[in-house]
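The sequence shown: position 756 = 756 (UniProt numbering), numbered continuously. We put the CB at the ideal spot given by N, CA and C, even for glycine. It should be emphasised that the depicted structure is a prediction, and the values quoted were computed from it without experimental measurement. Here is the structure we will look at.
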Amino acid sequence: EHLSGQLPEFMVPTAFVHLEQLPLTPNGKLDRKALPQPEDPSGIGSGYEAPLGEVEQTLAAIWAEVLQVQQVGRHDDFFELGGHSLLAVSVMERMRQAGLAADVRKLFTTPTIAALAASLQDHQDSGLVQVPPNGIPAGCESITPEMLPLVRLTQAHIERIVQAVPGGAANVQDIYPLAPLQEGILFHHMIARRGDAYLMPALFGFDSRERLHDYLRALQAVVERNDVLRTAVLWEDLPEPVQVVWRRAELMVEEVTIEEGDVATQLRERFDPKQHRLALDRAPMMQVVVAQDKARGRWVMLLLMHHLAVDHTTLEVVRQEIEATMQGRALPAPQPYRNFVAQAKLGVTREDHEAFFREMLKDVEETTTPFGLLEVQGESGEVAQARRGLDASLSRRIRECARGLGVNVAAVCHLAWAQVLARVSGRDDVVFGTVLFGRMQGGAGADRAVGLFINTLPVRMRVGGTGVERSVRETHEMLARLMRHEHASLALAQRCSGVPAPAPLFSALFNYRHSAPPEASGGASSGIEFLGAQERTNYPLLISVDDLGVALAIDVQVQTPIEPQRVCAYMERALEQLVQALESAPQQALNTLDVMPSSEREQVLDGWNATQVPYPSGVCLHELFEAQVQRTPQAVALVHGQEQLSYGELNERANRLAHRLIDECGVGPGVLVGLCVERGTAMVAAMLAVLKAGGAYVPLDPAYPAQRLAWMLQDSAAAVVLTQSPLSERLAGEARQLVLLDQEDSTVRPGSNPASRATAQDLAYVIYTSGSTGQPKGVAIEHRNTVNFVQWAKTQFASQELQRTLLSTSLNFDLAVYECFVPLSVGACVQVVDNALAL
Numbered sequence: 001e002h003l004s005g006q007l008p009e010f011m012v013p014t015a016f017v018h019l020e021q022l023p024l025t026p027n028g029k030l031d032r033k034a035l036p037q038p039e040d041p042s043g044i045g046s047g048y049e050a051p052l053g054e055v056e057q058t059l060a061a062i063w064a065e066v067l068q069v070q071q072v073g074r075h076d077d078f079f080e081l082g083g084h085s086l087l088a089v090s091v092m093e094r095m096r097q098a099g100l101a102a103d104v105r106k107l108f109t110t111p112t113i114a115a116l117a118a119s120l121q122d123h124q125d126s127g128l129v130q131v132p133p134n135g136i137p138a139g140c141e142s143i144t145p146e147m148l149p150l151v152r153l154t155q156a157h158i159e160r161i162v163q164a165v166p167g168g169a170a171n172v173q174d175i176y177p178l179a180p181l182q183e184g185i186l187f188h189h190m191i192a193r194r195g196d197a198y199l200m201p202a203l204f205g206f207d208s209r210e211r212l213h214d215y216l217r218a219l220q221a222v223v224e225r226n227d228v229l230r231t232a233v234l235w236e237d238l239p240e241p242v243q244v245v246w247r248r249a250e251l252m253v254e255e256v257t258i259e260e261g262d263v264a265t266q267l268r269e270r271f272d273p274k275q276h277r278l279a280l281d282r283a284p285m286m287q288v289v290v291a292q293d294k295a296r297g298r299w300v301m302l303l304l305m306h307h308l309a310v311d312h313t314t315l316e317v318v319r320q321e322i323e324a325t326m327q328g329r330a331l332p333a334p335q336p337y338r339n340f341v342a343q344a345k346l347g348v349t350r351e352d353h354e355a356f357f358r359e360m361l362k363d364v365e366e367t368t369t370p371f372g373l374l375e376v377q378g379e380s381g382e383v384a385q386a387r388r389g390l391d392a393s394l395s396r397r398i399r400e401c402a403r404g405l406g407v408n409v410a411a412v413c414h415l416a417w418a419q420v421l422a423r424v425s426g427r428d429d430v431v432f433g434t435v436l437f438g439r440m441q442g443g444a445g446a447d448r449a450v451g452l453f454i455n456t457l458p459v460r461m462r463v464g465g466t467g468v469e470r471s472v473r474e475t476h477e478m479l480a481r482l483m484r485h486e487h488a489s490l491a492l493a494q495r496c497s498g499v500p501a502p503a504p505l506f507s508a509l510f511n512y513r514h515s516a517p518p519e520a521s522g523g524a525s526s527g528i529e530f531l532g533a534q535e536r537t538n539y540p541l542l543i544s545v546d547d548l549g550v551a552l553a554i555d556v557q558v559q560t561p562i563e564p565q566r567v568c569a570y571m572e573r574a575l576e577q578l579v580q581a582l583e584s585a586p587q588q589a590l591n592t593l594d595v596m597p598s599s600e601r602e603q604v605l606d607g608w609n610a611t612q613v614p615y616p617s618g619v620c621l622h623e624l625f626e627a628q629v630q631r632t633p634q635a636v637a638l639v640h641g642q643e644q645l646s647y648g649e650l651n652e653r654a655n656r657l658a659h660r661l662i663d664e665c666g667v668g669p670g671v672l673v674g675l676c677v678e679r680g681t682a683m684v685a686a687m688l689a690v691l692k693a694g695g696a697y698v699p700l701d702p703a704y705p706a707q708r709l710a711w712m713l714q715d716s717a718a719a720v721v722l723t724q725s726p727l728s729e730r731l732a733g734e735a736r737q738l739v740l741l742d743q744e745d746s747t748v749r750p751g752s753n754p755a756s757r758a759t760a761q762d763l764a765y766v767i768y769t770s771g772s773t774g775q776p777k778g779v780a781i782e783h784r785n786t787v788n789f790v791q792w793a794k795t796q797f798a799s800q801e802l803q804r805t806l807l808s809t810s811l812n813f814d815l816a817v818y819e820c821f822v823p824l825s826v827g828a829c830v831q832v833v834d835n836a837l838a839l
């Protein structure tokens, strides 16, 4: 009780062991291995309290068996004892066998023995539907609509289906519609121009041909006992796609000869799902290709299975059934896939699904696009994959936090992914797809059934200022509510949102799945080696968290050029930060947690900003030109029509005008000089003259409206304006001195460079914005800023690329600084042409 008042709930020890002294190693350190285990590892919080009554005792016995604990008290929490969704299915199946039918959601919302027992007594409702029996008898030669209670077909439709099945009606065991996710997978299969994102290849090696044949015989036996593996999918000329269960479906094995190269690699490439497809109207929806690998003294088998028939859990069940068959062990009776389809179609009503998803998504109007990824057809770009196992300590801490809060580990991982998604999409309100187990309401035997049970549905999560502990609990509650709708279709959910078609509701997919550890998923016997598998999706970003029982691992598939290792690092960092906050500051706001690893943060903040390079910081802009004059005085600097000036000639013309500005107009540092001149050599010479005099020029494009020119002159308070006679009337003012360049006597002033007057900190020019959001605003630029820019440009473009550069934009557009001063600082020629922006 004292600790409960001092520590967060999940940090209170679940058991206490009294010791006279701590065991030590010979070095005097704590010997952790010698510490005794608590006698009652299932005692939680306030201690053990025995179950009361027959229902509680039955539930406690079931939990103890499934969770593998010695005893379960009436106040013990399913998740604190290590429960999760896969074990929940096993618990529900055993409860049904004991006559305690219940909706699986009750296990998530009332996760203690006492609360669950009370809910069962208050409301005995499993949420399961009565599955109508299959009406096609064995040996049937003619199938009628009345025999098909799960699908509405006319006699003509049935005849079309029968004609597509080898052996006709006698080989048709059942016909029923597709499950929700099957509908989506078939859609992507149909629109794909090549390949199939949902074709899953797996490679195996066998030490002899005899062992390969034994394996294939066992696989055929598994096909024969599971109806979904004898199923074909038909849709042409039918009111809706249907799956047709064949009574007999022989596994076709193709043997190929590979004389050179690595056999396994060549099989992968030859039957790559990016190009290869299966005929879905033929059962089974799988393909076997074998080849002899003489170099390694083995046979290699490529097994291609379509996702329409299997999911992650089914693959493990099939592996176990093949192993049992090869070892001669008996198997329990298989569960018909039609039971699941019936539950999906006849369970929760469409109206209930729509109400749930409309409440969740009604005001979602934009797709959440991590890294800007939006293409969900699986046809844009390559996909890269990476896998990262979490540190054992982090995996343990995640589980301890989840148990302490009485939530599923999946809730913690979903919340961590929402944080990552928020950061890489620039939103604090995100929607992503989550892969649901699909077996929670799959009926009796769902934990061992073969077929595609999973489903993909949207979840919406807000990553804001809510505390982390509350956020985890809310995530757990949201996932529990979603379970009731695990058989809804994604198309229905999208229609309940405000995202307009054809835009997707989300482009990122999250999959929390329970997987057998690598050492537990090997071959059926010695002499069989698993060589690898591949699982793809049409989404541009898929992240899977593999729950391996003790350890956790992250697997990422993402469209290039996004690096999957980067996404793995984000997820790991998000989990670390979330766990740390739960342990030390459970009220900390969720949006204050970091997801960027320290190495990337250092790169972003320091590495990418380490852009300092030496440049002539004490030099003025016109001095770059003067230095080039010394190097190439005879080179052509400026061309306009038929007129051209060398570097020396341009420099002399600018110098003579600069001396007049100094002597007669008082131009010097800080003095703004308006420049309203028609495009030509005089325009460039005038710019240089103002700079040489120490002043700063203010570009005034003659093509601008008179009102805008008047505003810029008034706002800048330019006391001197360089212009030409035809333009002078537009620029006259009481306190303004006009210098007419076309009446200038260039011979009366010296052609030498004026003494340096400006410094690098003085203004070089003031350029005005377009005024699109109001009045134009002047931006003052110093010499050092412009010199830095010119030096950068010289590193980006070779001298050959600058040899003839067009000065084609208005002086009021900042690109003109590049077009003029960069080439004049490297000895190149500037060709003055009409304003390109006016074309």
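- Enumerated in chain order, which unbroken segments of the beta strand (DSSP E) with a length of 3 residues or greater are wholly contained in the segment 350-392? 383-389
- Task: Taking R423 as the reference, give the member of R282, L509, N591 with the closest Cα.
- Result: Residue mapping note: residue 423 aligns to position 423 of the sequence shown, counting from 1. When only C-alpha atoms are compared, the closest one is N591.
- Task: Report buried or exposed for L52, applying the criterion of at least 16 other Cβ atoms within 10 angstroms of its Cβ.
- Result: Here residue 52 refers to the residue found at position 52 of the sequence shown. Exposed.
- Task: Mind checking which residues open and close the beta strand (DSSP E) that includes C829?
- Result: If you number the sequence shown from 1, residue 829 lands on position 829. 829-832 is the span of the beta strand (DSSP E), which, as asked, contains C829.
- Message: Along the chain, where does the alpha helix (DSSP H) containing I62 start, and where does it finish?
- Response: For the purposes of this step, residue 62 is taken as the residue at position 62 of the sequence shown. Segment 53-67, the alpha helix (DSSP H) holding I62.
- Query: At a cut-off of 8 Å, is F813 close to the ligand GDP when judged by its beta-carbon and the heavy atoms of the ligand?
  - Reply: Looking for the ligand GDP in the displayed structure turns up nothing, as the structure carries no ligands at all.
- Taking 9 Å as the cut-off, decide whether the C-beta atoms of D214 and V263 are in contact. Within the sequence shown, residue 214 is the residue found at index 214, counting from 1. Within the sequence shown, residue 263 is the residue found at index 263, counting from 1. No, they are not a contact pair.
- According to DSSP, what are the bridge partners of P177? Position 177 of the sequence shown holds residue 177. Paired residue(s): V242.
- Task: Taking 9 Å as the cut-off, decide whether the C-beta atoms of V288 and L308 are in contact.
- Result: For the purposes of this step, residue 288 is taken as the residue at position 288 of the sequence shown. For the purposes of this step, residue 308 is taken as the residue at position 308 of the sequence shown. Cβ distance not < 9 Å, so V288 and L308 don't count as in contact.
- Task: Tell me whether the beta-carbon of T809 lies closer than 9 Å to the beta-carbon of L815.
- Result: Indexing the sequence shown from 1 puts residue 809 at position 809. Indexing the sequence shown from 1 puts residue 815 at position 815. Yes, these two residues count as a Cβ contact at 9 Å.
- Touch test, the segment 476-490 against the segment 422-439, Cβ-Cβ under 8 Å, three pairs minimum: yes
- Would you kindly check if the distance between the Cβ of G498 and the Cβ of E365 is under 9 Å? The sequence position of residue 365 within the sequence shown is 365, counting from 1. The sequence position of residue 498 within the sequence shown is 498, counting from 1. Yes, the pair counts as a contact, with Cβ atoms nearer than the cut-off.
- Message: To the nearest angstrom, how far is the alpha carbon of L234 from that of Q343?
- Response: Along the sequence shown, one-based indexing puts residue 234 at 234. Along the sequence shown, one-based indexing puts residue 343 at 343. Cα-Cα distance, rounded: 21 Å.
- Message: Just to confirm before moving on: does the CB-CB distance between V290 and E254 stay below 9 Å?
- Response: Position 290 of the sequence shown, counted from the start, is the residue given in the question as residue 290. Position 254 of the sequence shown, counted from the start, is the residue given in the question as residue 254. Against a cut-off of 9 Å, the Cβ pair of E254 and V290 comes out as a contact.
- Is G406 closer than 9 Å to E80 when the C-beta atoms are compared? Translated into positions along the sequence shown, residue 80 becomes position 80. Translated into positions along the sequence shown, residue 406 becomes position 406. Closer than 9 Å, so yes.
- Identified DSSP bridge partners for G498: Against the sequence shown, residue 498 aligns to sequence position 498. Paired residues: none, contrary to the question.
- Residue of I528, E529, S526, Y512 minimising C-alpha distance to V545: Residue mapping note: residue 545 aligns to position 545 of the sequence shown, counting from 1. Nearest C-alpha to V545: Y512.
- Query: For the candidate residues V72, F506, D745, A706, whose alpha-carbon lies nearest to that of A732?
  - Reply: For the purposes of this step, residue 732 is taken as the residue at position 732 of the sequence shown. Ranking V72, F506, D745, A706 by Cα distance to A732 puts A706 first.
- In this structure, does DSSP put S425 in helix, strand or coil? Counting from 1 along the sequence shown, the entry for residue 425 is found at position 425. In the structure shown, S425 sits in a helix (DSSP, three-state: H, G or I).
- Task: Could you check which residue in A118, M326, C401, L457 has the C-alpha nearest to that of S526?
- Result: As a working note, residue 526 is residue 526 in the sequence shown. Selected option, being the one with the closest Cα: M326.
- Inter-residue Cα distance where the pair is R74 and T109: Locating residue 74 in the sequence shown gives position 74, where the first residue counts as 1. Locating residue 109 in the sequence shown gives position 109, where the first residue counts as 1. One C-alpha to the other measures close to 16 Å.
- Message: Would the segment 643-663 count as touching the segment 676-693 if we require 3 or more Cβ pairs under 8 Å?
- Response: yes
- Message: Can you check which of these residues, V104, D237, A170, is closest to L153 by C-alpha distance?
- Response: Taking the sequence shown and counting its residues from 1, the one referred to as residue 153 is at position 153. Among V104, D237, A170, the Cα nearest to that of L153 is on D237.
- Task: Give the secondary structure of M440 by DSSP, where H, G and I count as helix, E and B as strand, and everything else as coil.
- Result: Within the sequence shown, numbered from 1, the residue matching residue 440 stands at position 440. Reduced to three states, the DSSP call for M440 is coil.
- Query: CB G195 to CB H306, shorter than 9 Å?
  - Reply: Mapped onto the sequence shown, residue 195 falls at position 195. Mapped onto the sequence shown, residue 306 falls at position 306. No. Outside cutoff.
- Task: Could you pull out every unbroken alpha helix (DSSP H) segment of at least 4 residues lying fully inside the segment 101-175, listed in chain order?
- Result: 105-109, 113-122, 155-163
- Rounded separation between S119 and S208 - CA only: If you number the sequence shown from 1, residue 119 lands on position 119. If you number the sequence shown from 1, residue 208 lands on position 208. S119 and S208: Cα-Cα distance of roughly 57 Å.
- Out of L552, G668, Q761, point me to the one whose CA is closest to P616's CA. Taking the sequence shown and counting its residues from 1, one reaches residue 616 at position 616. Closest option to P616, Cα to Cα, is Q761.
- Task: Put S756 into one of helix, strand or coil per three-state DSSP.
- Result: Walking along the sequence shown from the start, residue 756 turns up at place 756. Looking at S756 - three-state DSSP - the assignment turns out to be coil, as it is neither helix nor strand.
- Please check the pair P702 and E729, which I expect to be a contact at CB under 8 Å, by giving their CB distance rounded to whole angstroms. The sequence position of residue 702 within the sequence shown is 702, counting from 1. The sequence position of residue 729 within the sequence shown is 729, counting from 1. At roughly 12 Å, the Cβ-Cβ gap does not stay under 8 Å, so P702 and E729 are not in contact.
- Query: Cα separation between D311 and A324?
  - Reply: Looking up residue 311 in the sequence shown gives position 311. Looking up residue 324 in the sequence shown gives position 324. Spanning the two alpha carbons is a distance of roughly 20 Å.
- Since I believe L251 is in contact with L212 (beta carbons under 8 Å), could you give me their beta-carbon distance rounded to a whole number of angstroms? Counting from one through the sequence shown, the residue named residue 212 turns up at place 212. Counting from one through the sequence shown, the residue named residue 251 turns up at place 251. Their Cβ separation, rounded to whole angstroms, is 13 Å, which puts L212 and L251 out of contact at 8 Å.
- Message: Within 10 Å of its beta-carbon, does L839 have 16 or more other beta-carbons around it, so buried, or fewer, so exposed?
- Response: Along the sequence shown, read from residue 1 onward, the residue named residue 839 stands at position 839. With a pLDDT of 45 at L839, under the threshold of 50, the modelled position of that residue is not reliable, and the figure given next carries that caveat. It counts as exposed.
- Smallest Cα separation from P145: which of V129, V162, P586? Within the sequence shown, numbered from 1, the residue matching residue 145 stands at position 145. Checking every option, the nearest Cα to that of P145 belongs to V162.
- Buried or exposed: which applies to N609, given that a residue is buried once 16 or more other Cβ atoms fall within 10 Å of its Cβ? Within the sequence shown, numbered from 1, the residue matching residue 609 stands at position 609. By the neighbour-count rule (16 or more Cβ atoms within 10 Å), N609 is not buried but exposed.
- Counted within 10 angstroms of its Cβ, other Cβ atoms place S42 as buried (16 or more) or exposed: Counting from 1 along the sequence shown, the entry for residue 42 is found at position 42. Per-residue confidence for S42 stands at a pLDDT of 43, beneath the threshold of 50, marking its modelled position as unreliable; no derived number is given.
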